[in-house]
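J.:
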Amino acid sequence: MEYVFSHRISQLKPSAIREIFKYAADPAVIPLAAGTPAAEALPVELIRRLTDQVLVETPDAALLYSQSEGHPPFRAALRDMLRERLDVGRDSDEVLVTSGAQQCMDLCCKVLCNAGDTVICEDPSFIGSLNTFRSYRANLVGVPMEEDGIDLGALEAALKANPNTRFLYLIPNYQNPTGITMSLAKRVACYGLAKKYGVLILEDNPYGDLRFAGEALPAIKSMDEDGIVIYAGTFSKILSSGIRVGYLMAPQGVMGKLVVAKQCTDVHTSMLCQLLCQRFITQTDLSAHLENLRGIYKRKCDIMLDAMDETFPRSVSYTRPQGGLFVWATLPGGMDSAEFATRCVKEKKVSLVPGTAFSVREGEPSSSFRLNFSTPTDDNVRTGTRKVGELLKEMGL
């Protein structure tokens, strides 16, 4: 039989990152291509204890259906946490619990975009979100990144040229894939441009709690007096990526449609996982837990950067992130990073992600590549990074 697929899915390609995970089946390959939390960052005993409490004390709530918006006490705890830690949330904002942050992007695009509507993104940007936007046949417009975030001149030009823009997608903190932090001035300017041109901002902040250098900067959502910012967060990077709990904070005028869209997708997020996360943020020392995570990721990032400083030729540039999980390196002279990534895994048994995977325009060549320091052991971070440096030198760079 010849299978006929929808227009939405027929032109989508597999995630390059997910495809690279196939190489991890070879235990000899050092996975600098991944993006998962460090194994030592997973609070296994805490999760076991909190899960036992949930199943003993509230088994019915954990194992039955609940509200699509999310468990009300958990939503209230999320609102309190966001207000206390980030000054995020006004009386006109509401919280929706999602099945991971990826669902936040899906629901926003489902609710806000018709086929052909424009979504403006940083370029490069997170492949998972880009593919979600593509699945709704959105017109993606990329804006180049600078050392302190998105190019404001190019952003305003894109807004002028695309009056059908529905929202601006931004990752201000330790951006995936570049590791760049958007400056305070640019956060203020992005909010001002969105207000000026009448578009929403979808602020994706999965890494914000993982700052290990520099000073904390306010979320764009904390500036939102006009109801134009939707804020997406997740427990994937601070608790466990496997439990799939994220959340949206959005203006009331948008939230109703987001809830309906979620009802069509999965009814509600796992109640067991919601109750686990609720106890995590209300009954544990969250600040101490986050401080421990920051120490882990600072150590691992320092190991990678030290190895890059020692072994990478000066012709190769790279970012020095203040948080998050990634370093972004750029080859000289417009070299093809896809070919380089293939050589790395074949010749050096090290996997990394070529920059083309994160390009807003599909298939656009890139001379950059992403390195992850969170997933491998410390020794493998060091060894894998040095092997990448060896290949660079063998190529005469």
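Sequential numbering from 701 applies to the sequence shown in the working numbering. Every residue gets a Cβ at the ideal spot worked out from N, C-alpha and C, and that includes glycine.
Need the endpoints of the beta strand (DSSP E) that residue 839 sits in, please.
T.: Where residue 839 is concerned, the enclosing beta strand (DSSP E) stretches over 839-846.
J.: Which runs of the beta strand (DSSP E) at least 3 residues long sit entirely within the region 857-942? Give them in chain order.
T.: 865-870, 900-904, 929-934
J.: Using the Cβ count rule (16 or more neighbours within 10 Å means buried), how would you classify residue 726?
T.: Around the CB of residue 726, fewer than 16 other CB atoms lie within 10 Å, so the residue is classed as exposed.
J.: With distances taken from CA atoms, which of 804, 838, 1044, 1072 is nearest residue 814?
T.: 838
J.: Grouping DSSP H, G and I as helix and E and B as strand, with all else coil, what is residue 821?
T.: Residue 821 falls in the strand class under three-state DSSP.
J.: Counting C-beta neighbours from all protein chains within 10 Å, is the total for residue 771 16 or more, i.e. buried, or is it exposed?
T.: Around the beta carbon of residue 771, 16 or more other beta carbons lie within 10 angstroms, which makes this residue buried.
J.: Locate the beta strand (DSSP E) running through residue 1095, then write down its first and last residues.
T.: No beta strand (DSSP E) contains residue 1095, which DSSP labels as neither H nor E.
J.: Out of 1064, 1063, 1082, 1061, state which residue places its alpha-carbon closest to the alpha-carbon of residue 1071.
T.: Relative to residue 1071, the option among 1064, 1063, 1082, 1061 whose CA is nearest is 1082.
J.: Restricting to runs no shorter than 4 residues, where is the alpha helix (DSSP H) found entirely within the region 1037-1069?
T.: 1037-1043
J.: Do residue 1041 and residue 1054 have their C-beta atoms within less than 8 Å of each other?
T.: yes
J.: So, residue 731 versus residue 1019, is the Cβ gap smaller than 8 Å?
T.: no
J.: Counting C-beta neighbours from all protein chains within 10 Å, is the total for residue 703 16 or more, i.e. buried, or is it exposed?
T.: exposed
J.: Could you check where the alpha helix (DSSP H) with residue 761 kicks off and where it finishes?
T.: 759-763
J.: Where residue 1016 and residue 1037 are concerned, what is the direct C-alpha to C-alpha distance, given to the nearest angstrom?
T.: 12 Å
J.: Terminal residues of the continuous beta strand (DSSP E) containing residue 945?
T.: Here residue 945 belongs to no beta strand (DSSP E), and DSSP marks it neither H nor E.
J.: Where residue 853 and residue 843 are concerned, what is the direct C-alpha to C-alpha distance, given to the nearest angstrom?
T.: So the two alpha carbons sit approximately 9 Å from each other.
J.: For residue 920, count neighbouring C-beta atoms within 10 Å of its own C-beta (all shown protein chains included) and say buried if the count is 16 or more, exposed if not.
T.: buried
J.: Between the beta-carbon of residue 819 and the beta-carbon of residue 961, is there less than 8 Å?
T.: no
J.: Flag this pair as touching only if the region 981-998 and the region 961-972 have three or more C-beta atom pairs under 8 Å; answer yes or no.
T.: no
J.: Are there three or more Cβ pairs, one per stretch, closer than 8 Å when the region 899-916 is compared with the region 928-941?
T.: yes
J.: By the 10 Å Cβ neighbour count, where 16 or more other Cβ atoms means buried, how is residue 886 classified, buried or exposed?
T.: buried
J.: Nearest to residue 953 by alpha carbon, out of 779, 1028, 793?
T.: 793
J.: Hey, would you say residue 747 sits closer than 8 Å to residue 976, going by beta carbons?
T.: yes
J.: If you reduce the DSSP assignment to three classes, tell me which class residue 849 lands in.
T.: strand
J.: In the DSSP assignment, what are the bridge partners of residue 997?
T.: In the DSSP output, where bridge partners are listed per residue, residue 997 has none listed.
J.: Can the beta-carbon of residue 996 be found closer than 8 Å to that of residue 1073?
T.: no
J.: Using DSSP bridges, identify the partner residues of residue 1026.
T.: Bridge partners of residue 1026: 1072.
J.: Are residue 1098 and residue 872 touching if we call contact CB-CB under 8 Å?
T.: With the chain running from 701 to 1097 in the structure shown, residue 1098 is simply not present.
J.: Using DSSP with H/G/I as helix, E/B as strand and the rest coil, what is residue 772?
T.: helix
J.: Going by DSSP, which residues form a beta bridge with residue 1018?
T.: 1029
J.: Is it true that the CB of residue 917 sits closer than 8 Å to the CB of residue 870?
T.: no
J.: When you compare the CB positions of residue 874 and residue 836, do they come within less than 8 Å of one another, or not?
T.: no
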